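In our numbering, the protein residues as written are 3 to 402.
C-beta: ideal position from N, C-alpha, C; glycine also.
Given the structure is predicted, the values throughout are model-derived calculations rather than measurements.
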Amino acid sequence: MQKRIKSLFLTMLISGVVAPTAFAEESIDLNPKASGEAAGETEVKATPVDVPKNDLTKTSGDPKTTVTPASIPDNKVLETGGIIETSPAQPHDAILWKQKTMPARPKIGLALGGGGARGAAHIAVLKVLEAEGIKADYVAGTSIGAVVGGLRSAGVSLDDLEDEFENGKLMKAFMTVSLALRIVVAPVLLVPRVFGSKEYDGLYKGNKFRKYLVHGLSAHDLNIENLNPPFAAVSLNLLDGKPYLIRKGNLGFAMQASSAVPGLRKPVQIGDKLFVDGGVSCNVPVKQVRQMGADFVIAVNIDQPFEDAKDEEFRKLGSVTQRMLNWDLYTMDKMQVEMADITIHPNTQGISLISTKKSDARKGIEAGEKAAKAALPLLREKLKQYGISTASQTADKKAE
Numbered sequence: 003m004q005k006r007i008k009s010l011f012l013t014m015l016i017s018g019v020v021a022p023t024a025f026a027e028e029s030i031d032l033n034p035k036a037s038g039e040a041a042g043e044t045e046v047k048a049t050p051v052d053v054p055k056n057d058l059t060k061t062s063g064d065p066k067t068t069v070t071p072a073s074i075p076d077n078k079v080l081e082t083g084g085i086i087e088t089s090p091a092q093p094h095d096a097i098l099w100k101q102k103t104m105p106a107r108p109k110i111g112l113a114l115g116g117g118g119a120r121g122a123a124h125i126a127v128l129k130v131l132e133a134e135g136i137k138a139d140y141v142a143g144t145s146i147g148a149v150v151g152g153l154r155s156a157g158v159s160l161d162d163l164e165d166e167f168e169n170g171k172l173m174k175a176f177m178t179v180s181l182a183l184r185i186v187v188a189p190v191l192l193v194p195r196v197f198g199s200k201e202y203d204g205l206y207k208g209n210k211f212r213k214y215l216v217h218g219l220s221a222h223d224l225n226i227e228n229l230n231p232p233f234a235a236v237s238l239n240l241l242d243g244k245p246y247l248i249r250k251g252n253l254g255f256a257m258q259a260s261s262a263v264p265g266l267r268k269p270v271q272i273g274d275k276l277f278v279d280g281g282v283s284c285n286v287p288v289k290q291v292r293q294m295g296a297d298f299v300i301a302v303n304i305d306q307p308f309e310d311a312k313d314e315e316f317r318k319l320g321s322v323t324q325r326m327l328n329w330d331l332y333t334m335d336k337m338q339v340e341m342a343d344i345t346i347h348p349n350t351q352g353i354s355l356i357s358t359k360k361s362d363a364r365k366g367i368e369a370g371e372k373a374a375k376a377a378l379p380l381l382r383e384k385l386k387q388y389g390i391s392t393a394s395q396t397a398d399k400k401a402e
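Encoded structure:
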């Protein structure tokens, strides 16, 4: 029963069935300067744009692949530079570029999606890609995708990341000690905050998670702009309701902001913005990594596939709410991954978002490896069109 209550309440929080009251900026003390932490200057750069609703039409063939906007109202084409934020009315529309040709050696972008404990699959996907000699020129991540992408760009080895997932340390830090208990008793805690005068802003701050993330790095004040390959974390600003790319400032705060699950963790204040988990509005940041400069995008979607269900499945406690949440995530992910050149979608069915089990971590890793290897033939073929040879293709040429 306790597990059912925890699962139902977590689902309700994430899907908005249990909605926290408005966040009061003055009640949150997460600004690194205000708290006295030597985390360095954290800055979010963003330029708002108004993107009309259009599809992104791509023609493939020779290396000069043309990207053109489809059905543009009034011939309106946006050409933007730097970092963008989407309009809150159209958070998933395609970015529109003027007609352009693909460069001789296109820049490869990696878009790592959110999904909690299913993020173990990201590690296996990266291992397969790197073994094939496919390295990203740009990396964008949301939630756990921002954690894996940020740490990898900071030089943390994939073997070390895999160990942290398998021993449960990463997910335990992600959820924080005693969070399961807090989820169970949260309805009691919510009553005076929702109906009283004190704002409800989350079950825990997430500071321990940030400190855990940067503990093994060479410098606690490691800044995003120093990373190679260039990295960005996607997070939603509660104050204007728009997603942002965080590309400058303290890496720890960026990863914390991108994975601050609404209702479970307090929003992260950076400057005059208040950030929560980017998966609320952009779970697989394909558009964002293109805006960073990527020409060819590999998306990794770790959400569970949305499949037909039988009516008896909806007799379980919380099953209807879970189904609604899965549909929302599926719809949001679909809009993004359709803009990718190739999508790797590991089968993470049965892995809980908040699992700390070694068996689930292993299942995610195996699913990621299987999906990445299955995608390699098509990926090799597409990259070959742009003159990029993978490690196996180079080896085959030498053997000839």
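- Per DSSP, L385 lies in no beta strand (DSSP E); the unbroken alpha helix (DSSP H) holding it starts and ends at 360-387.
- For G121, the CB contacts under 6 Å within the same chain, skipping 5 residues up- and downstream, are I146, V150 in chain order.
- For the pair I346 and S159, the Cα-to-Cα distance works out to about 21 Å.
- An exposed status is given to S361, since fewer than 16 other beta-carbon atoms sit within 10 Å of its beta-carbon.
- Rounded to the nearest angstrom, the gap between the Cα atoms of I390 and L114 is 22 Å.
- With a threshold of 16 other beta carbon atoms within 10 Å, T358 meets it and is buried.
- Each of F176, H124, A376 was checked against the Cα of S261, and the nearest Cα belongs to F176.
- Per DSSP, I146 is not a residue of any beta strand (DSSP E); the alpha helix (DSSP H) it occupies stretches across 146-155.
- For N230, there is no enclosing beta strand (DSSP E), as DSSP marks it with neither H nor E.
- Closest in C-alpha terms to A156, from the list G170, P231, K244, comes P231.
- A direct Cα-Cα distance of roughly 31 Å separates K375 from N228.
- F277 is positioned such that its CB atom lies closer than 9 Å to that of P269.
- As computed with DSSP, A234 is found in a beta bridge with A142.
- A Cβ-Cβ separation of about 5 Å places I125 in contact with E164 under the 8 Å criterion.
- Counting only runs of 4 or more residues that sit fully inside the segment 236-271, the alpha helix (DSSP H) segments are 253-260, in chain order.
- In the DSSP assignment, K210 falls outside any beta strand (DSSP E) and lies within the alpha helix (DSSP H) extending over 209-217.
- If you compare the alpha carbons of L153, N239, A234, E134 with that of G273, the shortest gap goes to N239.
- Taking F255 as reference, the option from D242, Y214, P264, C284 with the minimal CA-CA separation is Y214.
- For A122, the enclosing alpha helix (DSSP H) starts and ends at 122-133.
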